[in-house]
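Shown next, in structure tokens, is the structure this report addresses.
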Amino acid sequence: MAQVKMVGVVGAGQMGAGIAQLVAAANLQVLMSDVDSVALARGMRTIASSLARFVKKGTLAQEEADATLARVKTTTSLLEMGNVDVVIEAVSENESLKRSIFAELDRLLKPSSILASNTSSISITRLAASTNRPQRVIGMHFMNPPPLMQLVEIVRGPATADEVFGTIKNLAERLGKTVTCSRDFPGFIVNRILMPMINEAFYALMEGIGSPQDIDVGMKLGTNQPMGPLTLADFIGLDTCLSIMNVLHKGLGDSKYRPCPLLIQYVDAGWHGRKSGRGVYSYN
Ligand code: CAA
Numbered sequence: 115m116a117q118v119k120m121v122g123v124v125g126a127g128q129m130g131a132g133i134a135q136l137v138a139a140a141n142l143q144v145l146m147s148d149v150d151s152v153a154l155a156r157g158m159r160t161i162a163s164s165l166a167r168f169v170k171k172g173t174l175a176q177e178e179a180d181a182t183l184a185r186v187k188t189t190t191s192l193l194e195m196g197n198v199d200v201v202i203e204a205v206s207e208n209e210s211l212k213r214s215i216f217a218e219l220d221r222l223l224k225p226s227s228i229l230a231s232n233t234s235s236i237s238i239t240r241l242a243a244s245t246n247r248p249q250r251v252i253g254m255h256f257m258n259p260p261p262l263m264q265l266v267e268i269v270r271g272p273a274t275a276d277e278v279f280g281t282i283k284n285l286a287e288r289l290g291k292t293v294t295c296s297r298d299f300p301g302f303i304v305n306r307i308l309m310p311m312i313n314e315a316f317y318a319l320m321e322g323i324g325s326p327q328d329i330d331v332g333m334k335l336g337t338n339q340p341m342g343p344l345t346l347a348d349f350i351g352l353d354t355c356l357s358i359m360n361v362l363h364k365g366l367g368d369s370k371y372r373p374c375p376l377l378i379q380y381v382d383a384g385w386h387g388r389k390s391g392r393g394v395y396s397y398n
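115 is the number of the first residue of the sequence shown in this note's numbering; add one for each residue after it.
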């Protein structure tokens, strides 16, 4: 099993920044890239504010927070990724974008590097097929928010080597996470089960069975979840929820996975949840 010393993270959004923070907190060097320098600066602010919350809570010393932040370097060019041992790709859930990034990284990285994707539902098999190293491609699915959530779901494609699985499992554990393993099927395990619940909550809302509050409080207190399903959907992003439902519907071909028309309508309206200021609820 290879010793990981330097990790690249592609994409500086909520997930990419959270992953970069975890890697840096585990005493590893991180190179975080994004095509957009404004997004990179925002990503660094996300990391700084998350670390500040731990300092305020008393679970992290200020010097540790400063050292963690200093271990994160940024770049707008993938060309600088050549020497990293593992790249974790965390760009938006767009298969053609991910495939082109994987193909480019495959050309740039040293042969021993591992290409991991944080995708929440896109086929690892197809991402691997866009490279000449399918045996070194794997899914490393973090939950949102990465600094707080305990799980990393590792997804093996049919070609993923045992040694690569071992290295990534070891890395996830070094980040303090518990690992589960899923075969490469639409939605993997977590979203295969979570998203139909969220989609059903939209059907319940659309059919007027209850108000958003009734649905959320009912599920939160009735089934002991930290957030009700509609609040969680706003937190994840309604556009992301819809794209995962589309992957489940298309990939599994069963009408029970059809996205709720109300979810589609909200996304069409630009109501993408917390990040856009409006989803099922308003955040202004
Ligand atoms: N970094 C550091 N600390 C953070 C933080 C962050 N990013 N976000 C929140 N916190 C801290 C807060 O400062 C707060 O600390 P104190 O207890 O000291 O006050 C604590 O965490 C709790 O935060 P909040 O009071 O803001 O809110 P909360 O109690 O509701 O907890 C939560 C927030 C951890 C997100 C919790 O609501 C939760 O677990 N929600 C469910 C999240 C979930 O299910 N995520 C998975 C989504 S599915 C997924 O990600 C897969 C996919 O592919 C779509």
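No residue lacks a Cβ here, since even glycine has one placed at the ideal position from N, Cα and C.
In the DSSP secondary-structure assignment, S296 is bridged to V269. Under DSSP, T189 forms a beta bridge with S147. Bridge pairing for E203: V124 and S231 [DSSP]. In this structure, H255 has its CB closer than 8 Å to one or more heavy atoms of the ligand CAA. For the pair I202 and G130, the CB atoms are nearer than the 9 Å cut-off. For F349, the Cβ falls inside the 8 Å cut-off from some heavy atom of the ligand CAA. Closest in C-alpha terms to T233, from the list R213, W385 and P225, comes R213. Of the other Cβ atoms in all chains shown, fewer than 16 fall within 10 Å of the Cβ of S369; this residue is therefore exposed. Here A175 is exposed. Its C-beta has fewer than 16 other C-beta atoms within 10 Å. In chain order, M257 place their CB closer than 6 Å to the CB of M263, counting only its own chain and leaving out the 5 sequence neighbours on each side.
I252 is bridged by DSSP to A230 and R270.
In the three-state scheme derived from DSSP, where H, G and I count as helix and E and B as strand, G365 is classed as helix.
For A275, the CB contacts under 8 Å within the same chain, skipping 5 residues up- and downstream, are Q249 and R250 in chain order. The C-beta separation of F216 from T245 comes to about 5 Å, placing the pair in contact by the 8 Å criterion.
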